[in-house]
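There are 2 protein chains.
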Amino acid sequence: MQLDERKYKILQAIIRNYLETGEPVGSRTISKYTDLNLSSATIRNEMADLEELGYILQPHTSAGRIPSDQGYRLYVDKMMEEKEREVEEMKETLLEKEDKMDHLLKQAAKMLAANTEYAAMVSAPQYHRNKLKFIQLSRVDINQILAVIVVEGNVIKNTMLTVKDEISDETLLKLNILLNTHLNGLSLEEINLGMISAMKQQAGIHSVIVADVIDAVAEAIKADEDLEIYTSGTKNFFKYPELADHERASELITTFEEKQLLSELVQDNLADENNTGIQVYIGNETPVQGMRDCSIVTATYELDEGMKGTIGIIGPKRMDYEKVVKNLKLLKNQLDDLYKK
Amino acid sequence: MQLDERKYKILQAIIRNYLETGEPVGSRTISKYTDLNLSSATIRNEMADLEELGYILQPHTSAGRIPSDQGYRLYVDKMMEEKEREVEEMKETLLEKEDKMDHLLKQAAKMLAANTEYAAMVSAPQYHRNKLKFIQLSRVDINQILAVIVVEGNVIKNTMLTVKDEISDETLLKLNILLNTHLNGLSLEEINLGMISAMKQQAGIHSVIVADVIDAVAEAIKADEDLEIYTSGTKNFFKYPELADHERASELITTFEEKQLLSELVQDNLADENNTGIQVYIGNETPVQGMRDCSIVTATYELDEGMKGTIGIIGPKRMDYEKVVKNLKLLKNQLDDLYKK
DNA sequence: GTTAGCACTCGACTAATTAGAGTGCTAACA
DNA sequence: TGTTAGCACTCTAATTAGTCGAGTGCTAAC
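Chains as they are written, first to last, in this note's numbering: chain D, 1402 to 1742; chain A, 1402 to 1742.
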């Protein structure tokens, strides 16, 4: 059996209707809903076929049909093709350029959630080029030294070091020069033990400081390992009865709170090299445990070269994919553009 | 009518039982539960009195009684007196000393939630002595200047400034000296317009940089205004049917997600000068909208002099106050001690 | 002051009934 | 051959009625 034009139209009608109502869709509804002018009986025959093909399901004998994961998948794939161009032109600037990155991203998550009425997540960009750019030691207090470490991509780390013995200005200057000449432009892998001991030797009695600074450097460079994820719109889960029962909701909320559980999503998304920008996970396709009853739509944005992050929407399988995709593309574009100037 | 010893014992028994079961408590249950050796009929009479006094409520005619807010209040007040000493000795070290404050506090929230099975919040400490300690400008890139600003209490703010024209090392040094001599040791209020324009004049063509730095200083000092709050254990709301219906849960979760809504709690807590450390809000006493059906227990910790924060537990009115208070005191002590050494 | 006893109330639960939406199948029609 | 009308059947959701039991208030006796 084949999926011809008419079958697809009926499937589309079923899905559309189900997205709106959340109720199983009957043959009579479709008979009126579409412009095919077919009787409910004919629709019934077609629906039986669609069920056999695996695109729709019957929750119980005398109920209407609901889309299966496979059905959603077909629908989404076709929709994506169609909508590809549509978003191009619409570029409003909703995001104000916040000075602080984390504010900006929190804001973005909030906006996504508000616009779509689903739950939203935004991951902070991960840096992948991590070379040391600059180190500076300054005396802040009688026995406190501030070490500022700047990594490529302008990630900044501050560490306060406490020293026992007072250090003269000249010594501090020397240490600064020592550190910068040895370490600037290097990545974590390039800083080896030999280099470290050489530096320590040159630092003499101040080798402790050198060791402390190097620790801080290591931490600054690998700082991106703990991935920041912002979420918003948790309460939207309650809008969809199929997600709102205690057990499911509890699981979803936990996953959303323990943001690290969402990192799979980010990894999965960033790993996919040749992705067109938007990724859709339906039901069991999800990489996140505990979201098997949901659909997840994600997009990758790129702030600066190599600084990629993920934005995503989590909602019921009957989510309004078109709206969601539109919103994600919009935000993606905005984020992409934000630091281009 | 007076609340005598026997009435209080009955009230206590009602509350204890209700805390456990979450079901209205009947007279017969109390008759067996207590060691008063009274028949259910007598208890009934006493219960009628307690209801008249406002300590207990009857959800409907033929149900048992549940404690009113006033009843909980009495119970908590008495309990607090009794337990005051008990916690003193128990000091385990559960918290590993994390190097990063935000990790530590997130961890703390998680621990609280896990131990109590209620929802937990932890606010980052707010600094109140905000004098400028140190400013440093350094060249990082050909046209990028890093401004590091250190405020008393070792709060550090970094800002990257982009300059059009190259700046020589001497100029940078001069600017550094200029800024430090003028601004060090001053609070936000003490930096006035006259001083700023004087500095700008001295800076000559580099007055733009001075302006930028001063903006950054202002921001660094008032940075504590956007209060960080960490939460955990949202899902625990579902453990208590009286909080778990859709409407209530949705509201609670929103409040918990929009952490700023919890700031009232922190403000309220920190404002109360002569508090003994633990504060209990029962039902309508809460300062947080949307938590009227909950009880909230908070404690104030003090990391370093003047660096105060709030920890708190949010749960149903029938929460296990004793356990909660114990846990909060424990964590409070740990946090208090943490930076004492 | 305490207790036993009794009539009464009211929610929770169960079972039975009903209404309605939807199906599959068959036979007739174009 | 594809389409449609019609009908018997199925299953759920909602309603109703009935029962159970926990708990109360009140009265009268101890």
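Every residue gets a Cβ at the ideal spot worked out from N, C-alpha and C, and that includes glycine.
Taking residue i as part of the beta strand (DSSP E), name the residues at either end of that continuous run.
{"i": "Leu1404 (chain A)", "result": "Premise fails: Leu1404 (chain A) is in no beta strand (DSSP E) and is neither H nor E."}
{"i": "Ala1548 (chain A)", "result": "Gln1545 to Val1552"}
{"i": "Val1541 (chain A)", "result": "Leu1533 to Asp1542"}
{"i": "Gln1680 (chain D)", "result": "Ile1679 to Ile1683"}
On the DSSP bridge assignment, give the partners of residue i in chain order.
{"i": "Pro1717 (chain A)", "result": "A:Cys1695"}
{"i": "Val1523 (chain D)", "result": "D:Tyr1631 and D:Ile1712"}
{"i": "Thr1560 (chain D)", "result": "D:Ala1548"}
{"i": "Val1725 (chain A)", "result": "The partner list for Val1725 (chain A) (beta bridge, DSSP) is empty, contrary to what the question assumes."}
{"i": "Thr1701 (chain A)", "result": "A:Thr1711"}
{"i": "Val1426 (chain D)", "result": "D:Arg1466"}
{"i": "Leu1458 (chain A)", "result": "A:Ile1467"}
{"i": "Ser1765 (chain D)", "result": "In the structure displayed, chain D extends from 1402 to 1742; residue 1765 (chain D) sits before or after that span and is not available."}
Can you give me the Cβ contacts of residue i inside the same chain, cut-off strictly under 6 angstroms, excluding the 5 residues immediately before and after it?
{"i": "Met1491 (chain A)", "result": "Since pLDDT at Met1491 (chain A) reaches only 40, below the 50 mark, its modelled position is unreliable, and the value read off the structure follows with that caveat. Excluding residues within five positions, none has a Cβ falling inside 6 angstroms."}
{"i": "Ile1714 (chain A)", "result": "Thr1517, Tyr1519, Ala1521, Val1698 and Val1725"}
{"i": "Arg1445 (chain D)", "result": "Ser1428"}
{"i": "Asp1507 (chain D)", "result": "Note that residue 1507 (chain D) is Lys in the sequence shown, not Asp. Closer than 6 angstroms at the Cβ level, and outside the excluded window around Lys1507 (chain D), lie Tyr1631."}
{"i": "Leu1496 (chain A)", "result": "Residue placement at Leu1496 (chain A) is flagged as unreliable, the pLDDT there being 40, under the threshold of 50; a coordinate-derived value is accordingly withheld."}
{"i": "Asn1577 (chain D)", "result": "Leu1538"}
{"i": "Ala1621 (chain D)", "result": "Ile1550, Val1552 and Lys1558"}
{"i": "Asn1581 (chain D)", "result": "Ile1536"}
Taking Cβ-Cβ distances shorter than 7 angstroms, what residues in chain D pair up with residue i?
{"i": "Thr1655 (chain A)", "result": "Lys1636"}
{"i": "Gln1735 (chain A)", "result": "Chain D residues near Gln1735 (chain A): none, gap ~22 angstroms exceeds 7 angstroms."}
Against residue i, what residues of chain D qualify as contacts under a CB-to-CB distance less than 9 angstroms, listed in chain order?
{"i": "Lys1534 (chain A)", "result": "Val1541 and Asp1542"}
{"i": "Gln1527 (chain A)", "result": "The contacting residues do not exist; Gln1527 (chain A) stays about 18 angstroms from chain D at best."}
Residue i: buried (16+ other C-beta within 10 angstroms of its C-beta) or exposed?
{"i": "Ser1469 (chain A)", "result": "buried"}
{"i": "Lys1498 (chain D)", "result": "Unreliable placement is indicated for Lys1498 (chain D), whose pLDDT of 40 sits below 50; the coordinate value is still reported in the next sentence. Flag for Lys1498 (chain D) reads exposed."}
{"i": "Leu1404 (chain D)", "result": "exposed"}
{"i": "Ser1463 (chain D)", "result": "exposed"}
{"i": "Val1611 (chain D)", "result": "buried"}
{"i": "Gly1605 (chain D)", "result": "exposed"}
{"i": "Thr1563 (chain A)", "result": "exposed"}
{"i": "Met1600 (chain D)", "result": "buried"}
{"i": "Leu1574 (chain A)", "result": "exposed"}
{"i": "Asn1438 (chain D)", "result": "exposed"}
{"i": "Val1477 (chain A)", "result": "buried"}
{"i": "Ser1588 (chain A)", "result": "exposed"}
What residues from chain D crowd round residue i, counting only those whose CB sits closer than 8 angstroms?
{"i": "Ala1515 (chain A)", "result": "Per Cβ cutoff of 8 angstroms: no residues; Ala1515 (chain A) is ~12 angstroms from chain D at best."}
{"i": "Ala1650 (chain A)", "result": "Phe1639 and Ala1650"}
{"i": "Asn1559 (chain A)", "result": "Val1549, Ile1557 and Asn1559"}
{"i": "Gln1459 (chain A)", "result": "What Gln1459 (chain A) touches in chain D: nothing, since even the nearest Cβ is about 28 angstroms away."}
Suppose the cutoff is 8 angstroms on Cβ atoms and the five residues either side in sequence are ignored; what does the same chain contact list for residue i look like?
{"i": "Thr1711 (chain D)", "result": "Met1522, Val1523, Ser1524, Leu1666, Val1667, Asn1670, Leu1671, Thr1699, Ala1700, Thr1701 and Tyr1702"}
{"i": "Lys1511 (chain D)", "result": "Ala1521, Ser1633 and Gly1634"}
{"i": "Gly1586 (chain D)", "result": "Lys1532, Leu1533 and Lys1534"}
{"i": "Ala1650 (chain D)", "result": "Phe1638, Phe1639 and Leu1644"}
{"i": "Pro1642 (chain A)", "result": "Gly1423"}
Skipping 5 residues on each side, what residues in its chain have a beta carbon closer than 7 angstroms to that of residue i?
{"i": "Lys1733 (chain A)", "result": "Gly1678, Ala1700, Tyr1702 and Ile1712"}
{"i": "Arg1466 (chain A)", "result": "Ile1415, Pro1425, Val1426, Met1448, Glu1452, Ile1457, Leu1458 and Gln1459"}
{"i": "Met1561 (chain A)", "result": "Gln1545 and Leu1547"}
{"i": "Glu1652 (chain D)", "result": "Gly1691"}
{"i": "Glu1483 (chain D)", "result": "none"}
{"i": "Asp1721 (chain A)", "result": "Leu1420"}
{"i": "Leu1729 (chain D)", "result": "Ile1679, Val1698, Ala1700, Ile1712 and Ile1714"}
Would you mind telling me which residues of chain A sit closer than 7 angstroms to residue i, beta carbon to beta carbon, in chain order?
{"i": "His1647 (chain D)", "result": "Phe1639 and Ala1645"}
{"i": "Gln1508 (chain D)", "result": "Going along chain A, no residue has its Cβ under 7 angstroms from Gln1508 (chain D), so there is no contact; the nearest lies around 13 angstroms."}
{"i": "Gln1661 (chain D)", "result": "In chain order: nothing, as chain A lies at least about 11 angstroms away."}
Please compile the residues from chain A whose C-beta is within a distance smaller than 8 angstroms of the C-beta of residue i.
{"i": "Ser1633 (chain D)", "result": "Glu1658"}
{"i": "Gln1690 (chain D)", "result": "Simply none; closest approach about 15 angstroms."}
{"i": "Gln1403 (chain D)", "result": "Here the premise fails: no neighbours, minimum Cβ distance about 44 angstroms."}
In the DSSP assignment, the alpha helix (DSSP H) including residue i goes from what residue to what residue?
{"i": "Val1667 (chain D)", "result": "Ser1664 to Ala1672"}
{"i": "Arg1466 (chain A)", "result": "Run containing Arg1466 (chain A): none; DSSP gives neither H nor E here."}
{"i": "Glu1652 (chain D)", "result": "His1647 to Glu1658"}
{"i": "His1504 (chain A)", "result": "Met1502 to Thr1517"}
{"i": "Leu1594 (chain D)", "result": "Leu1594 to Ala1604"}
Taking 6 angstroms as the cut-off, is the C-beta of residue i nearer than that to any heavy atom in the ligand MG?
{"i": "Asp1737 (chain A)", "result": "Absence of the ligand MG from the depicted structure is noted, as is the absence of any ligand whatsoever, leaving it without description."}
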